[in-house]
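To start, the structure itself, in structure tokens.
In the working numbering, the protein residues as written are 2 to 194.
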């Protein structure tokens with residue numbers, strides 16, 4: 002597995018077009034993997050009888066393939082996090098798989114290992130500063146690096162509240178998670194000393 006990942010050389014327009022071209026293959030691969038774990042890719046993910054929400058109006062499904070990251074968001078992220086280097090954008094093509102239990106988690110993980118995984122971040126082992134944990138796979142399809150987030154329903158159900166903090170602070174700290182973490186802890190002390 003590699004450390005720093007790069008997309009093929011080229012400008013954002015070319016990269017975005019290539020990402021759009023492989024999106025159907027990406028969706029097909031993840032649909033097969035999700036079904037192999039005994040999940041219905043279209044089924045709404047739930048926790049304790051309630052839908053797990055991706056946005057205020059849209060629930061997660063067992064497989065949620067996101068639209069391509071917009072060019073505007075790509076430019077913002079490249080400038081804020083990678084000194085303008087668009088080849089560092091490895092989440093233009095992305096998806097989430099939400100499992101209900103450990104057996105499904107292990108099955109999906111095993112199936113993903115049969116693909117061209119170029120990096121795995123096991124955030125179950127080292128959760129984010131918000132306490133959130135998942136596994137983040139980067140897989141390569143036709144030279145394009147894509148992101149697959151593997152979530153456990155019970156954990157992702159609590160992600161909504163944490164993501165509000167992240168979105169708020171992202172613009173202030175340009176992706177610097179240490180600065181975000183420090184600011185959140187400071188605010189939490191102000192609210193609950």
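Cβ atoms here follow ideal geometry from the backbone N, Cα and C, with glycine treated the same way.
Source: prediction; values computed, not measured.
Residue i (DSSP reduced to helix, strand or coil)
{"i": "residue 68", "result": "coil"}
{"i": "residue 26", "result": "helix"}
{"i": "residue 148", "result": "strand"}
{"i": "residue 36", "result": "helix"}
{"i": "residue 155", "result": "helix"}
{"i": "residue 194", "result": "At residue 194, the pLDDT of 45 sits below 50, so the modelled position is not reliable and the matter cannot be decided from this model."}
{"i": "residue 141", "result": "strand"}
{"i": "residue 56", "result": "coil"}
{"i": "residue 15", "result": "helix"}
Proximity below 8 Å, CB of residue i to CB of residue j
{"i": "residue 37", "j": "residue 112", "result": "yes"}
{"i": "residue 42", "j": "residue 63", "result": "yes"}
{"i": "residue 69", "j": "residue 78", "result": "no"}
{"i": "residue 142", "j": "residue 8", "result": "no"}
{"i": "residue 28", "j": "residue 66", "result": "yes"}
{"i": "residue 92", "j": "residue 148", "result": "yes"}
Reference residue i, options the options, closest by Cα
{"i": "residue 15", "options": "47, 88, 108", "result": "88"}
{"i": "residue 152", "options": "117, 91, 67, 125", "result": "125"}
{"i": "residue 45", "options": "34, 24, 35, 60", "result": "60"}
{"i": "residue 47", "options": "99, 12, 77", "result": "99"}
{"i": "residue 106", "options": "128, 130, 117, 136", "result": "136"}
{"i": "residue 12", "options": "23, 86, 29, 66", "result": "86"}
{"i": "residue 131", "options": "156, 119, 75", "result": "156"}
{"i": "residue 121", "options": "6, 109, 138, 66", "result": "138"}
{"i": "residue 118", "options": "30, 17, 10", "result": "30"}
{"i": "residue 115", "options": "140, 93, 104, 101", "result": "140"}
{"i": "residue 110", "options": "57, 52, 34", "result": "34"}
Exposure of residue i, with buried meaning 16 or more beta-carbon neighbours within 10 Å
{"i": "residue 20", "result": "buried"}
{"i": "residue 194", "result": "Only weak support exists for where residue 194 lies, its pLDDT of 45 falling under 50; the coordinates are left without a value."}
{"i": "residue 71", "result": "exposed"}
{"i": "residue 73", "result": "exposed"}
{"i": "residue 199", "result": "The question about residue 199 has no answer, for the chain in this structure spans 2 to 194."}
{"i": "residue 127", "result": "exposed"}
{"i": "residue 97", "result": "buried"}
{"i": "residue 5", "result": "exposed"}
Proximity test, residue i beta-carbon vs the ligand ZN heavy atom, cut-off 7 Å
{"i": "residue 39", "result": "Absence of the ligand ZN from the depicted structure is noted, as is the absence of any ligand whatsoever, leaving it without description."}
Check your understanding: Which ranges does the alpha helix (DSSP H) cover as unbroken runs of at least 4 residues, wholly within the stretch 69-130, from first to last along the chain?
Key -> 72-83, 103-113
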